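In the numbering used here, the protein residues as written are 20 to 459.
Every residue, glycine too, gets a C-beta built ideally from N, C-alpha and C.
Values in this document were obtained by computation on a predicted structure and should not be read as measured data.
Quick notes on the structure that follows.
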């Protein structure tokens with residue numbers, strides 16, 4: 020199961036996802052065997068939006084049976100998990116998928132879909148290679164790049180409203196930073212084997228996601244124009260290449276430390292008025308592309324429509340990674356009698372969304388409690404269970420995280436020690452003067 024690491028204020032532990040810049044997604048810890056195989060690209064049908072891009076290279080060398088497309092993201096949002104389609108000459112067959120890709124062919128049109136996470140930042144270029152059975156050189160035609168992040172919507176539902184998303188992100192920020200306010204300036208080496216952990220979503224220098232933020236930021240602002248992180252690009256690339264080649268999280272920050280004070284420069288990038296907006300935009304963009312958009316599409320696939328369920332899924336994606344959240348979804352389905360993973364699950368053999376969310380949270384509780392790295396973060400699951408019991412499905416009622424796993428499921432669970440906050444339906448928040456722990 021691909022995992023994302025928890026950040027726990029009791030232990031001072033924070034974590035990060037492993038994704039790899041423009042490459043195959045990898046877990047933030049040691050690689051583990053998947054309990055379920057990755058989904059085939061055809062399993063999730065998405066209404067994809069056309070992405071603004073420019074094709075700067077388009078060649079197919081017949082003697083090498085090798086095609087190369089280089090496209091540049093010329094839009095204003097990151098391209099997440101792109102789908103690339105192109106037309107080949109009549110009678111030519113596409114074959115030999117490259118790592119991270121799978122293809123289908125209809126007539127002359129070959130369509131390539133991601134099998135693992137990939138983000139192409141604004142103004143970044145991506146080199147896409149393909150192969151066919153043709154020994155004759157040609158130029159592919161009708162090249163298209165599409166993604167749900169470029170304006171498409173997921174089938175059967177949409178994401179959260181603006182206020183619901185604020186509430187969901189505020190809740191997750193409590194678990195990540197002990198405050199509902201997203202901490203864009205945060206940067207620290209917590210010595211968890213993943214380098215420096217940074218920003219609103221715990222982007223790590225040793226697992227391939229912090230580099231995506233920096234890549235985006237470099238596209239918006241040069242070093243001469245105040246980009247304090249640009250000077251680290253070569254060092255980040257060295258670390259990222261080591262991560263990609265080994266599949267292992269990179270603990271060393273030596274290359275970064277030789278350049279300057281990384282944590283100081285990360286914080287200053289947000290705290291400086293001139294650069295704050297650009298730096299915030301890039302963190303938001305990468306977080307949405309890696310976590311929010313994919314998990315909202317998962318919710319739509321399974322027929323999950325309630326804001327509370329989507330908030331719980333979003334938190335799981337931030338905590339466990341997209342594949343980890345998918346694994347929990349499958350476990351919940353199986354526990355409710357849907358071992359065949361029939362979608363949508365809501366309505367299948369009478370399964371309700373309340374019953375499904377309850378089972379999903381129980382499965383996630385067990386994963387957290389059963390892992391020494393995550394055990395002290397188990398209370399984050401209880402917050403969603405309390406709202407389920409209260410029926411706060413649209414997140415339209417003010418809520419508090421004044422609940423622990425032991426309040427919902429028994430005294431065997433440790434107390435995580437999160438500060439209790441009160442979050443309003445519009446995302447504003449306060450710290451209550453008093454409270455009583457309870458699960459309903």
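Discussion item. In this structure, how does DSSP classify residue 90 when only helix, strand and coil are distinguished?
Written reply: strand
Practice prompt. Report all residues from its chain with a CB closer than 6 angstroms to the CB of residue 194; omit the five preceding and five following residues, and keep chain order.
Written response: 399
Discussion item. If you measure between the beta carbons of residue 376 and residue 331, is that distance less than 8 angstroms?
Written reply: yes
Discussion item. Which residue wins for smallest C-alpha separation from residue 90, given the options 316, 262, 105, 81?
Written reply: 105
Worksheet item: Does the stretch 243-250 come close enough to the stretch 261-274 that 3 or more CB-CB pairs lie under 8 angstroms?
Response: no
Worksheet item: According to DSSP, is residue 47 helix, strand or coil?
Response: Here the model assigns residue 47 a pLDDT of 33, short of 50, so the residue's position is not dependable, and the following value carries that caveat. Coil.
Discussion item. Restricting to runs no shorter than 4 residues, where is the alpha helix (DSSP H) found entirely within the stretch 373-413?
Written reply: 398-409
Practice prompt. State the DSSP-derived secondary structure class of residue 246, mapped to helix, strand or coil.
Written response: coil
Fill in: Local Cβ density within 10 Å of residue 411, reported as buried at 16 or more and exposed below that
buried
Worksheet item: To the nearest angstrom, how far is it from the Cα of residue 188 to the Cα of residue 84?
Response: 47 angstroms
Worksheet item: Quick one: any contact between the stretch 357-364 and the stretch 312-330, if contact means 3 or more CB pairs under 8 angstroms?
Response: yes
Discussion item. DSSP three-state label for residue 28, please.
Written reply: Low confidence applies here, because residue 28 scores a pLDDT of 36, under 50, leaving its location unreliable; read the following figure in that light. DSSP places residue 28 in coil when its eight states are reduced to three.
Fill in: Reduced DSSP secondary structure (H/G/I, E/B, other) of residue 100
coil
Worksheet item: residue 271 bridges to which residues according to DSSP?
Response: Per DSSP, none; premise fails for residue 271.
Discussion item. Suppose the cutoff is 7 angstroms on Cβ atoms and the five residues either side in sequence are ignored; what does the same chain contact list for residue 394 look like?
Written reply: 387, 388, 433
Discussion item. Taking the beta strand (DSSP E) that residue 141 belongs to, which residues open and close that run?
Written reply: Unbroken run through residue 141: none, as it is neither H nor E.
Worksheet entry | Own chain residues within Cβ distance below 8 angstroms of residue 122, not counting five before or after | 113, 116, 129, 130, 131, 132, 149
Worksheet item: From the DSSP output, which residues share a beta bridge with residue 73?
Response: 91
Worksheet entry | Burial state of residue 415, where buried means 16 or more other Cβ atoms lie within 10 Å | exposed
Item to complete: Go ahead and label residue 152 buried or exposed: buried means 16 or more other beta carbons lie within 10 angstroms of its beta carbon, across all protein chains shown.
Response: exposed
Practice prompt. Buried or exposed for residue 253, please, with buried defined as at least 16 other CB atoms from any protein chain shown within 10 angstroms of its CB.
Written response: exposed
Worksheet item: Ordered along the chain, which non-local residues of its own chain (more than five positions away) have a Cβ less than 7 angstroms from that of residue 286?
Response: 204, 206
Item to complete: Go ahead and pull the three-state DSSP assignment for residue 132.
Response: strand
Practice prompt. Output the boundary residues of the alpha helix (DSSP H) element that contains residue 122.
Written response: That residue, residue 122, is in no alpha helix (DSSP H); its beta strand (DSSP E) goes 120-125.
Worksheet item: Once you ignore the five residues that flank residue 101 on each side, which residues in its own chain have a CB closer than 6 angstroms to its CB?
Response: 164, 166
Fill in: Sufficient close CB pairs (3 or more, under 8 angstroms) joining the stretch 206-219 to the stretch 441-451
no
Worksheet entry | Distance between residue 158 and residue 198 (C-alpha atoms, nearest Å) | 53 angstroms
Practice prompt. Can you give me the Cβ contacts of residue 355 inside the same chain, cut-off strictly under 6 angstroms, excluding the 5 residues immediately before and after it?
Written response: 370, 378
Fill in: Closest residue to residue 190 among 418, 346, 248, 459 (Cα-Cα distance)
418
Fill in: First and last residue of the uninterrupted alpha helix (DSSP H) at residue 435
Neither: residue 435 is in no alpha helix (DSSP H) and is coded neither H nor E.
Worksheet item: For the candidate residues 406, 396, 367, 328, whose alpha-carbon lies nearest to that of residue 179?
Response: 328
Worksheet entry | Nearest neighbour of residue 344, chosen from 239, 228, 384 [CA to CA] | 384
Worksheet item: Going by DSSP, which residues form a beta bridge with residue 428?
Response: In DSSP, residue 428 forms no bridge with anything.
Discussion item. Taking the alpha helix (DSSP H) that residue 364 belongs to, which residues open and close that run?
Written reply: Per DSSP, residue 364 belongs to no alpha helix (DSSP H) and is neither H nor E.
Discussion item. Give me the residue from 234, 239, 267, 247 with the minimum Cα distance to residue 256.
Written reply: 234
Worksheet entry | Residue range of the unbroken beta strand (DSSP E) whose run includes residue 161 | 160-166
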